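Taking it in order: structure first as structure tokens, then the write-up.
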Amino acid sequence: LFKQLAAMEINTTVGFLISGFQNLQHSDYYFIFLAFIYLATLIANIILMSVIWLSECLHTPKYMAVFNLSVVDLSISTALIPKCIHQFLFDSRLVLYETCLAQLFFVHSFYALESLSLVVMSYERLVSICFPLRSSTISTNTRMFIIIVFCWVLTFSYFIVVLMFIARLSFCRPVPLIKSYFCDHGPVFKEACSSYSANWTIASVYTVTFIFLPFALIIISYVCIIVALSRIASAQGRWKAFKTCTAHLALVVIFFIPVLVTYMIVWTNLPVDTDSRILNTSLAATLPPLLNPIIYTLKTEEVMEQIKNFLRKQKPAPLSDRTKQMY
Numbered sequence: 056l057f058k059q060l061a062a063m064e065i066n067t068t069v070g071f072l073i074s075g076f077q078n079l080q081h082s083d084y085y086f087i088f089l090a091f092i093y094l095a096t097l098i099a100n101i102i103l104m105s106v107i108w109l110s111e112c113l114h115t116p117k118y119m120a121v122f123n124l125s126v127v128d129l130s131i132s133t134a135l136i137p138k139c140i141h142q143f144l145f146d147s148r149l150v151l152y153e154t155c156l157a158q159l160f161f162v163h164s165f166y167a168l169e170s171l172s173l174v175v176m177s178y179e180r181l182v183s184i185c186f187p188l189r190s191s192t193i194s195t196n197t198r199m200f201i202i203i204v205f206c207w208v209l210t211f212s213y214f215i216v217v218l219m220f221i222a223r224l225s226f227c228r229p230v231p232l233i234k235s236y237f238c239d240h241g242p243v244f245k246e247a248c249s250s251y252s253a254n255w256t257i258a259s260v261y262t263v264t265f266i267f268l269p270f271a272l273i274i275i276s277y278v279c280i281i282v283a284l285s286r287i288a289s290a291q292g293r294w295k296a297f298k299t300c301t302a303h304l305a306l307v308v309i310f311f312i313p314v315l316v317t318y319m320i321v322w323t324n325l326p327v328d329t330d331s332r333i334l335n336t337s338l339a340a341t342l343p344p345l346l347n348p349i350i351y352t353l354k355t356e357e358v359m360e361q362i363k364n365f366l367r368k369q370k371p372a373p374l375s376d377r378t379k380q381m382y
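Quick note on our numbering: the sequence shown kicks off at 56 and runs consecutively.
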């Protein structure tokens, strides 16, 4: 796909030069920090995915959505961080045209999928709390699987269109300079010397479709949840039901607040230093995939219980018990 799209280019561009931080001193240490973030992200998400996969009692719509979020977290970190480390620590900032298109496609696709995954999780919470007697028939494993597949197909289809419009652009220089830490959509199309008004429109549609609309849907779902909780007579019952939402709410805050702040700054045309923008966007893209599995593990009793059961099984039997087994 990427080679076909690259063949559509109408210029002699061979690649892009990723500028990254321009004035930030000792920026290499920041990318070493990202390397540790990536390693911790791999470990945390693999542990959570393994617990869900190996525990049959967690094979429910709720944990299908959690498992999907972990897959997305692993994917976005893998698409973004290793390439950044290679570029900036080993001074290999020239990215070939096809490679740049591939990175743009996967990073933005998985970032959009993270947003949609949080919406799917809010849908599951909405059904469980607002329709407790019918939740098992409304939200089934099959239905959850179909919803997740639809999100993946929708996202990848959208970004194939994004790549097609990027490939139509003409770049005046053989190696345009990208003022970002990866092949970001906006910095890439802004380097074109041909009209990129269509790309601006696509970027705006992306912002509304995959950022603001999902955030609005999550807010609406929690308004419905709060209304349903208000009908519970006892305060203890209300808190017990709401407690099941705290992990998801924490994930929503961690993901959406930095993103919304960034887009608000861009849309209001406030002067922002390039290094500050890159630092904010890179942390917003790399920290949630690490924090998501940690928060969900620590704040979810079912997951913690399964981890404890697994550790108990791995613990060697006392010497007295083993002696009895021998005789």
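Don't be surprised by glycine CBs; every beta carbon is placed ideally from N, CA and C.
Note that the structure is predicted; figures quoted are calculated from it, not measured.
Can Ile280 and Cys185 be called in contact, C-beta distance under 8 angstroms?
yes
In chain order, what residues of the same chain lie with their CB nearer than 6 angstroms to the CB of Ala167, ignoring the 5 residues before and after it?
Thr210, Phe265
Suppose only complete runs of 4+ residues qualify. What are the alpha helix (DSSP H) ranges in the segment 326-373, listed by chain order?
329-353, 356-369
Under 8 angstroms, do Val170 and Pro344 count as touching if we go by C-beta distance?
According to the sequence shown, residue 170 is Ser rather than Val. Contact flag unset, no.
May I ask which residues mark the beginning and end of the beta strand (DSSP E) holding Ile73?
70-73
Considering only C-alpha positions, which residue in the set Ala302, Ile215, Val204, Pro231 is nearest to Arg180?
Ala302
If you run the structure through DSSP and keep just helix, strand and coil, what is Leu144?
helix
Taking its Cβ as the centre, do 16 or more other Cβ atoms sit within 10 Å of Ser30, making it buried, or is it exposed?
The first residue shown for the chain is 56 and the last is 382, placing residue 30 beyond what the model contains.
Environment of Ile65 [buried if 16+ CB atoms lie within 10 Å]:
Model confidence at Ile65 stands at a pLDDT of 43, short of 50, so the residue's coordinates are unreliable; what they give is reported in the following sentence. By the 10 Å Cβ count, Ile65 comes out exposed.
Would you tell me roughly how many angstroms separate the C-alpha atoms of Lys234 and Trp207, rounded to the nearest one?
29 angstroms
Report yes or no: do the segment 267-285 and the segment 241-258 share at least 3 C-beta pairs separated by less than 8 angstroms?
no
Ile287 by DSSP, collapsed to three states: which one?
coil
Taking the beta carbon of Pro137 as the centre, do at least 16 other beta carbons fall within 10 Å, making it buried, or is it exposed?
exposed
Could you tell me the distance, in whole angstroms, from the CA atom of Ala61 to the CA atom of Val358?
The predicted position of Ala61 is uncertain, since its pLDDT is 48 and thus under 50; a value taken from the coordinates is nonetheless stated next. Their backbone Cα atoms lie some 45 angstroms apart in a straight line.
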